[in-house]
Structures are given as C-alpha cells and as structure tokens.
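Adding 17 to a residue's 1-based position in the sequence shown gives its number in this note's numbering.
Even glycine gets a Cβ: it sits at the ideal position worked out from N, Cα and C.
Since we're looking at a predicted model, the values are computed, not measured.
Worksheet: the structure to be examined is printed underneath.
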Amino acid sequence: MGDKVGRSTLFGIPLQQQWMYASTGDFAPWYYLQTDAPLYYYSFTDAHIAMAYKSLPKKDQARFDPMITGFNPTDMYAADHIRRVLTTFPGVFSGIGEFSIHKEFVSSKVAGEVSTLNNKALDRILDFAGEVGLPAILHCDVNVPFPKPNQDPYIVKMLGELFVRHPKTTIIWAHVGLGRVVRPVTDQAGMVERAINNPALNHVFFDLSWDETAKYIVTSTASVAKVAAMINRHPDRFLYGSDEVAPTEQAAYLKTYTMYAPLLAQLTPEAKEKFLKGNYERIFDTARKRVRAWEKANVGKKRPPSPKTPISGYAK
C-alpha cells in the first residue's frame, strides 16, 4: 500500500471453521458457508498476530494497532484471556475486536453457547477493556436477516442497554450493524443520530467500514446526502475502514474507499479528515498510552487471588 495508508488495526478472525470429514470428506472448507460443520473460537490467532507484528521493523510497527480477538464472549474467563495476552506480549496490543455477538449466519454456526448482549461474560470483557483502556470493536447486527414486516428490531434495545452499562469503555460499533443481508432498520440514520446526541453514549463511535455497509449508504443520492449531513454535524464520531479479509491485491483494499467517493465529496474538509484518519488516530493514540501504562503497572506483578465465594465453589 506504500503511503496510501497511514494507520490500521491488525487482527485475526477469532472463529475457525471445523473440517469435519463426515460432512465434506477430503474437501477442506476455508469459508463458513461451504459446510454445515460448526465454527469454534481459535485463541492461537492472538499469538500469531503478535509474532507477525513483532517481526516488523519499528517504523512499520508504528503504523499498526494489533487487536485481541481470540476469546469466547460467552466465557466468563474471556477477560482473563485478554489479560494473559497483554502480559505475554507487552507493547503489542492496543484494543480488542472486531468480535461478534449477533452476526448473520455466523452466530448459529458457532459451537456451544450463543453469544448475547446480556451475557455477564460480555460485561466482564468490556469492564476490563475500560480498566485497561482497550477500545472494543463490536460487531452486532442491527437486526436479524430477512425480518418479517413490522417485526421489532429487538437487538437495538439490548445493544443500547449494553452501551449504557459501560460508560468507561470506548466502543466502536462495527458497520453500524449492517451486513450482507442485514438491511438498515427504519430511520437508522435517525437512530444513530439520537445515540450521538445522548450524553450517556459519548463513549460510542460508529464504524462505516466494509463494502457491504457502503452499498446501503451509497444506494441513492438521498441516502448519501443524509449520511454526509450527519457526519458533518458530528465529525468526531465516525470512522472509515476497508474491512477486507486478507486481500491479495491493492484494489481490494481500496474498494470501499472507492465506493464512498460520493459520500466523501459531500463532507467538509474537517469531517473528511476526521472520518478517514483523525478519529482513528485520536482513539488509538489514547489507547496506546493507556494500555502501555497498564502494562507497566501490571506485567510481572502477582495478581491478588480471586475472592472465595459460594459461586466459585471455594467457600463453605
């Protein structure tokens, strides 16, 4: 990419597709829609990302913000995994995510408990992220695929409640909840703006990455104008991204940027700079400082033992 990109997050996909011989025989599926076999959480991805990052020259490391993703958001031990990754690879990671709660066609394939927005394990993850200063990139669909007419988008209410519960954690809502077949809910732009105007949600930011998100925004001149006006009114709250998975050519990285040309043309110079670069740099510059300070205070230090409670099975 040369100098076409300034900074970028760097993270692995936390879910691995199982190769189940009984299902596909000698065909090794590399994509989750190629088989009915389940997906499972793959924690080694964090070590792989850390070692790849550490192999880079310092000048190239400065352009990346590695993220922790190899945890199961239904597991009460997930926050402990994040802590262990930070203490094992100090100086590497700057955030957590992108990880998914509700995601079209993916959630139902994951082995084990279904991830939900009201799971105490997720609260524990976000509490720890807030303590350390790790921004959390959260993928949560705004609605279910192919909803029936007038069906209540129940996910929106629970997502808002999650945001309110974690005011000390910087949360980035990936793709504003849109997907391949998850379409915008009624007046989604208005919903996002109401969230922006809510003082209780000042810690929430809105990511417009992914060509599957861009396709809804640039679908009409009216849609482009509405979103551009909202970004111009609130230039500090939106982030751009490519969201390309391991592309082999530069054009793939630039696809979403190219799709957004009509949107970028309607942004003020200030809003455009913040949307493309400034907001990201502000969030992750702060994260780097806070996470490095937490590591300095905690790496190599003995943790106090967990309290003995009836729930843990230790207390009588």
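Query                                                                                                                  : Result
GLN283 - partner residues in DSSP beta bridges                                                                         : Note: GLN283 sits in no beta bridge, so no partner.
For GLY23 and SER72, the rounded distance between their alpha carbons                                                  : 19 Å
Bounding residues of the alpha helix (DSSP H) (the contiguous stretch that carries VAL102)                             : 95 to 105
Neighbourhood of LEU32 by C-beta distance below 6 Å, restricted to the same chain and skipping five residues each side : LEU56
Where GLN205 falls: helix, strand or coil (DSSP)                                                                       : helix
Residue environment, PRO83, which counts as buried when at least 16 other CB atoms sit within 10 Å                     : buried
Rounded Cβ spacing between TYR297 and LEU256 (contact assumed at less than 8 Å)                                        : 5 Å
Cβ-Cβ distance between ILE188 and ALA153 below 8 Å                                                                     : yes
Assumed close pair LEU155, GLY196 - CB separation to whole angstroms, cut-off 8 Å                                      : In fact, because the Cβ distance is near 14 Å, the residues do not count as touching under 8 Å.
Same chain, Cβ closer than 6 Å to ALA269, five either side skipped, listed in chain order                              : GLU261
Secondary structure of GLY177, DSSP reduced to three states                                                            : helix
GLU15 in three-state terms, based on DSSP                                                                              : Residue 15 lies beyond the range of the chain shown here (18 to 333); nothing can be said about it.
Identified DSSP bridge partners for LEU32                                                                              : TYR58
Cβ contact check for the region 85 to 94 and the region 110 to 130: 3 or more pairs under 8 Å                          : yes
Beta-carbon separation (whole angstroms), ALA231 vs TYR277, contact threshold 8 Å                                      : 6 Å
Helix, strand or coil at VAL262 [DSSP, three-state]                                                                    : coil
Where GLY317 sits in the DSSP three-state scheme                                                                       : coil
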